[in-house]
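Going line by line, the protein sequences match chains A and B. Be aware that the first sequence starts at 248, since it is given in our numbering, and climbs by one per residue. Be aware that the second sequence starts at 392, since it is given in our numbering, and climbs by one per residue. Glycine residues also receive a C-beta, built at the ideal position from the N, C-alpha and C atoms. None of these values were measured; they are calculated from a predicted model.
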Amino acid sequence: MDIPRDHLVDMYATMVRIRRFEERIRELYFADKLPAFDIAAGLIPGEMHLAAGQEPVAVGMRPHLKAGDAITATHRPHHLAIAQGVDLNAMAAEIFGRETGLGRGKGGHMHLFSVEPNFGCSGIIGEGMPVAVGAAMAFKHRGTGNIALSFFGEGAANQGAFHESINLAALWMLPVVFVCEDNAYAISVPKSASTAVADNSDRASAYGIPGVLVSDNDPVAVYEVMGEAIARARRGGGPSLVEIKTDRLWGHFEGDADAYRTDAFKEDMNDRDPMTTYARRLLDEGIVSQGELDAIGSDMAAEVGAAIEFAMNSPYPPVESALENVFTNGSVPA
Amino acid sequence: MPTLGLITNPASSKDIRRLTGLARVVDVEEKANLVARLLAGVGSVDGLSVIALDDRSGLVRRAVRLAGSSAPPVELLDVEAEGTEADTRRAAARLATFAVEALVVVGGDGTVRAAAEGWPGARLVPLAAGTNNAFALTDEPTVVGLAAALAVTGDMAAFTPTTAVTVETSDGTAVAVIDAIAVRDRWIGSGAIWDPDRMVEGLVTSARRTAVGLASVSAAFGPLQTGHARWIRFGGTTTVRAVFGPGLVCDVPVAEHRDVPIGASMPISGEAGLVALDGERRLPAAGGRATVIAGPRVLDPVIAFSSSLGRTTR
Numbered sequence: 248m249d250i251p252r253d254h255l256v257d258m259y260a261t262m263v264r265i266r267r268f269e270e271r272i273r274e275l276y277f278a279d280k281l282p283a284f285d286i287a288a289g290l291i292p293g294e295m296h297l298a299a300g301q302e303p304v305a306v307g308m309r310p311h312l313k314a315g316d317a318i319t320a321t322h323r324p325h326h327l328a329i330a331q332g333v334d335l336n337a338m339a340a341e342i343f344g345r346e347t348g349l350g351r352g353k354g355g356h357m358h359l360f361s362v363e364p365n366f367g368c369s370g371i372i373g374e375g376m377p378v379a380v381g382a383a384m385a386f387k388h389r390g391t392g393n394i395a396l397s398f399f400g401e402g403a404a405n406q407g408a409f410h411e412s413i414n415l416a417a418l419w420m421l422p423v424v425f426v427c428e429d430n431a432y433a434i435s436v437p438k439s440a441s442t443a444v445a446d447n448s449d450r451a452s453a454y455g456i457p458g459v460l461v462s463d464n465d466p467v468a469v470y471e472v473m474g475e476a477i478a479r480a481r482r483g484g485g486p487s488l489v490e491i492k493t494d495r496l497w498g499h500f501e502g503d504a505d506a507y508r509t510d511a512f513k514e515d516m517n518d519r520d521p522m523t524t525y526a527r528r529l530l531d532e533g534i535v536s537q538g539e540l541d542a543i544g545s546d547m548a549a550e551v552g553a554a555i556e557f558a559m560n561s562p563y564p565p566v567e568s569a570l571e572n573v574f575t576n577g578s579v580p581a
Numbered sequence: 392m393p394t395l396g397l398i399t400n401p402a403s404s405k406d407i408r409r410l411t412g413l414a415r416v417v418d419v420e421e422k423a424n425l426v427a428r429l430l431a432g433v434g435s436v437d438g439l440s441v442i443a444l445d446d447r448s449g450l451v452r453r454a455v456r457l458a459g460s461s462a463p464p465v466e467l468l469d470v471e472a473e474g475t476e477a478d479t480r481r482a483a484a485r486l487a488t489f490a491v492e493a494l495v496v497v498g499g500d501g502t503v504r505a506a507a508e509g510w511p512g513a514r515l516v517p518l519a520a521g522t523n524n525a526f527a528l529t530d531e532p533t534v535v536g537l538a539a540a541l542a543v544t545g546d547m548a549a550f551t552p553t554t555a556v557t558v559e560t561s562d563g564t565a566v567a568v569i570d571a572i573a574v575r576d577r578w579i580g581s582g583a584i585w586d587p588d589r590m591v592e593g594l595v596t597s598a599r600r601t602a603v604g605l606a607s608v609s610a611a612f613g614p615l616q617t618g619h620a621r622w623i624r625f626g627g628t629t630t631v632r633a634v635f636g637p638g639l640v641c642d643v644p645v646a647e648h649r650d651v652p653i654g655a656s657m658p659i660s661g662e663a664g665l666v667a668l669d670g671e672r673r674l675p676a677a678g679g680r681a682t683v684i685a686g687p688r689v690l691d692p693v694i695a696f697s698s699s700l701g702r703t704t705r
């Protein structure tokens, strides 16, 4: 296929935006939490799960999205939210627990919810899959032409919700694509110790839907496969399961000693960092010049910097608002 | 004691063609079952053992367990797998050092290609577990196992010569066992080709009307002499209706063709961005050169059985 230059460059710029954001969050996360690690202290309260290395999974779907498409994600959501175009300022503010955040500072990093674009995530393993099926069911009934994408890790593929969601989506031919981000470790548990099958894409045939394995953590490979899967869903072809082998460059969470992965494993991952390999390929193909790559780097750093500044300058929600927006009609039951 | 080598690819038959056509997933359990049936066929002949490199999925272990007492003695070696075709190349090269009589390769056309690259001189027993399976044997695996065992303990003439193509580019040298095609794409991406309009020209090593892919397009122009490949330039108004992939019937435009012998060499078209080897985008085309060479010897089960008649009838 001919891939438009715009798509190729936009995917790279988005990867840079994601990586700069994750790096900045990582730098700021430990502020005021040390020497004795106090998870509630500092600028960013709570846990932090960053997606450095997994950028290709997110950017590969981006050019195929339409307004109104729904994405559900996990405890490691930033790359997907950024790729879908969630407001970066509001996202940063939410991570920092500020009132200007997506959830008015009450959800935090694992509970980012946006209406437009339609994005949601949760720290409960497998939570997003039935939600995506529900969204797809609504789209089909309303005839909107939209699709839902459910992102989850290889560990979540062993949850009951995975099997129930795919079964129902297949039965009702719903416009949803299930995307398994396989980074080989569920926290510290290697896939071989948790999963009876070698490839989760194998599980697709149990539900009569296509399963595709993307072995390369390569944005163009993901772009091609997601393009086909999304187009299939949009034209009424039903769901599919896409499994992408990707790399989680850092620990499961910030503060993770990551001692369960060998130095050799980590070195191999860093050697194939998709930021480096994709940039090199864009240069070699003459798609961009080094000057353009540098400009993208500066622009994205500035965007991320502005979002972080917005977050840091935003107020915390007042204590009195703690129970506001918890119930849909606004009132707390007696 | 004669030995058969065995390598398997857990990733074959899982690529984008599950979405662009009607290809199905051949999952690891199915492959383990194929290997178990092959082992049952091999095990029925005395005096033969197998040495296998287990892949990242452990499917050979599963197969040996499944085959039980019908399997021959199997020595299993563990390998460090990256999850790429380099695993297959390395596995084939490693089995070459054990001087096995023949190499059973379980996977698709890409798997066979990588094995042929890893061990250029190997006698191959390619067992179909891929998408198109234009090269591999699609017979019942038990039949293939028995035929392979009879051949390596009897008449090696059952391994018949094929033709291949070697491609040299700035990225190195590679081998194609079915076809080496210059394509317009500039990105390897998901690898597979599913649109015939992307093809510029290339070499096809066989002509078989019932094959899937370019071997069937080639067959439209008559039989191909042994020791030759068919060069085809795509485009123009004449089309050949062929099965380009499972569930995918295409009218492939063919402008020109001619047969070329082993030794013939030609530059890769300047119109191309990449060279696709056996249906997968692989190498940058710029400055590349393709040469027709003698390919690997491949088991012909019919010959294996007919030359073993005395051993299999009482």
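Euclidean distance between Cα positions of residue i and residue j
i	j	result
A:A451	B:A519	21 Å
A:R482	B:V689	43 Å
B:A676	B:A505	19 Å
A:I571	A:E341	The question names Ile, but residue 571 of chain A in the sequence shown is Glu. The straight-line gap from Cα to Cα measures roughly 16 Å.
A:H388	A:A382	10 Å
B:R575	A:R479	24 Å
B:G439	B:A462	Just to set this straight, residue 439 of chain B is Leu in the shown sequence, not Gly. The straight-line gap from Cα to Cα measures roughly 10 Å.
B:G545	B:V491	15 Å
B:G664	B:G627	20 Å
A:N393	A:F399	20 Å
A:V353	A:R345	Note on identity: in this sequence residue 353 of chain A is Lys, with Val being the wrong assignment. One C-alpha to the other measures close to 8 Å.
B:L537	B:A549	13 Å
is_contact[residue i, chain B] using C-beta, thresh 8 Å
i	result
A:D446	yes
A:S487	yes
A:E471	yes
A:R479	yes
A:E532	yes
A:L529	no
A:S462	yes
A:A451	yes
A:A476	yes
A:I342	no
A:M248	yes
A:V535	no
Cross-strand partners of residue i (DSSP beta bridge)
i	result
B:D469	B:D445
B:D650	B:R621
A:P564	Note: A:P564 sits in no beta bridge, so no partner.
B:E671	B:A583 and B:L668
A:Y432	A:P437
B:M590	B:V574
B:T682	B:T557 and B:S656
A:E490	A:C427 and A:L460
Option in the options with minimal Cα separation from residue i
i	options	result
B:R680	B:A567, B:S698 and B:D588	B:A567
B:R596	B:R589, B:L457, B:D546 and B:V683	For the sequence presented, residue 596 of chain B should be read as Thr rather than Arg. Of the listed residues, the one whose Cα sits closest to B:T596 is B:V683.
B:V516	B:I623, B:V465, B:T522 and B:V495	B:V495
B:W510	B:V455, B:D406, B:D478 and B:G636	B:D478
B:L700	B:A542, B:V433 and B:T628	B:A542
A:I491	A:E294, A:A305, A:G289 and A:I329	A:A305
A:A549	A:R252, A:L255, A:R271 and A:M357	A:R271
B:V693	B:A633, B:E531 and B:I653	B:E531
B:A633	B:A611, B:R624 and B:H619	B:A611
B:L467	B:E420, B:L486, B:R621 and B:A402	B:L486
B:L718	B:P587, B:V451 and B:G580	What is shown of chain B runs 392 to 705, which leaves residue 718 of chain B out entirely.
C-beta neighbour in chain A for residue i, strict 8 Å
i	result
B:I572	no
B:V470	no
B:G661	no
B:V643	no
Residue interval of the alpha helix (DSSP H) (run including residue i)
i	result
B:L430	V419 to G434
A:L232	A query on residue 232 of chain A cannot be resolved here, the shown segment of chain A reaching from 248 to 581 and no further.
A:K387	G375 to R389
A:N336	L335 to I342
A:G329	In the sequence as displayed, the identity of residue 329 of chain A is Ile instead of Gly. Per DSSP, A:I329 belongs to the alpha helix (DSSP H) from H325 to Q331.
B:G536	P532 to V543
A:P521	P521 to D531
Unbroken beta strand (DSSP E) run spanning residue i, endpoints
i	result
A:G400	A395 to G400
B:E559	T554 to T560
A:T319	A317 to A320
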